[in-house]
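Below is one structure; the comments refer to it alone.
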Amino acid sequence: YLGPLILYPVFYYYYPVYKFFGYKGERVIHPVQTYAMYYWCFHYFKRIMETFFVHRFSHATSPVSNVFRNCLYYWTFGAWVAFYVNHPLYTPVNELQMKIGFGIGVICQISNLYCHILLRNLRGSDASGGYQIPRGFLFNIVTCANYTTEIYQWLGFNIATQTVAGYMFM
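The numbers in the sequence shown follow my numbering, run straight up by one, and end at 715.
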């Protein structure tokens, strides 16, 4: 998760990236681009903190071979989404759409963290496994509340930013 956390701000702060790709004009940073950068960085910082302090991994559920595939996915899409959201020719959505999108996204990010904490509390500290059905919060409404909130937080991001790359990332 460190890759997308580093790559996204490069496209936001480092304008010469676009000159390398042939863009010669001036760049105006729109508020939605700034909020998108903070949103993106918060999400991946949260993911890193969850990796260290919330999730309990085992070799059976997270083999080392997945690391390479996951890195390729997150780094590639991180660069692709960041390139288009921060592009000098980016056309921002209206303010209401931005607020609705990021509002949905932030609520779902916080809900996702809470779902992960609920799931962690179902497992013993030795990560010995054992299956328990999660109950409470959104788990009373949907089976996989953690995945539901993950999908909706990216839907919120995409409502706010409106890029094809963002929707493809979902």
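Each residue gets a CB set at the ideal place from its N, CA and C atoms; glycine is no exception.
- The Cβ atoms of Asn691 and Asn657 sit closer than 9 Å to each other.
- Distance from the CA atom of Val709 to the CA atom of Gln677, rounded to whole angstroms, is 38 Å.
- Collapsing the DSSP output to three states places Met582 in a helix.
- Only exposed fits Pro576, as fewer than 16 other CB atoms lie within 10 angstroms of its CB.
- Distances from the alpha-carbon of Val555 to those of Leu700, Ala627, Glu640, Gly646 put Ala627 closest.
- Counting the other Cβ atoms within 10 Å of the Cβ of Val630 gives 16 or more, which makes it buried.
- Within the model, the alpha-carbon separation for Thr596 versus Trp620 is close to 17 Å.
- Under the Cβ criterion (8 Å, minimum of three pairs), the segment 638-656 does not count as touching the segment 565-574.
- Between Thr688 and Cys653 the beta-carbon gap is near 17 Å, outside 8 Å, which marks them as no contact.
- Collapsing the DSSP output to three states places Gly567 in coil.
- As the crow flies, the alpha-carbon of His588 is around 14 Å from that of Gly648.
- Annotated three-state conformation of Leu667 is coil, per DSSP.
- When secondary structure is reduced to three states using DSSP, Val573 falls in the coil class, being assigned neither helix nor strand.
- Only exposed fits Tyr618, as fewer than 16 other CB atoms lie within 10 angstroms of its CB.
- For Ile704, the closest C-alpha among the options Leu550, Ile645, His632, Tyr563 is that of Ile645.
- Apart from the 5 residues on each side of it in sequence, Val599 sits with its Cβ closer than 7 Å to the Cβ of His661, Ile662, Arg665 in its chain, given in chain order.
- The residue among Phe622, Ser610, Ile655 with its C-alpha nearest the C-alpha of Leu550 is Phe622.
- Residues of the same chain with a CB within less than 8 Å of the CB of Gly548, apart from the 5 flanking positions on each side, are Cys616, Tyr619, Trp620, Gly623 in chain order.
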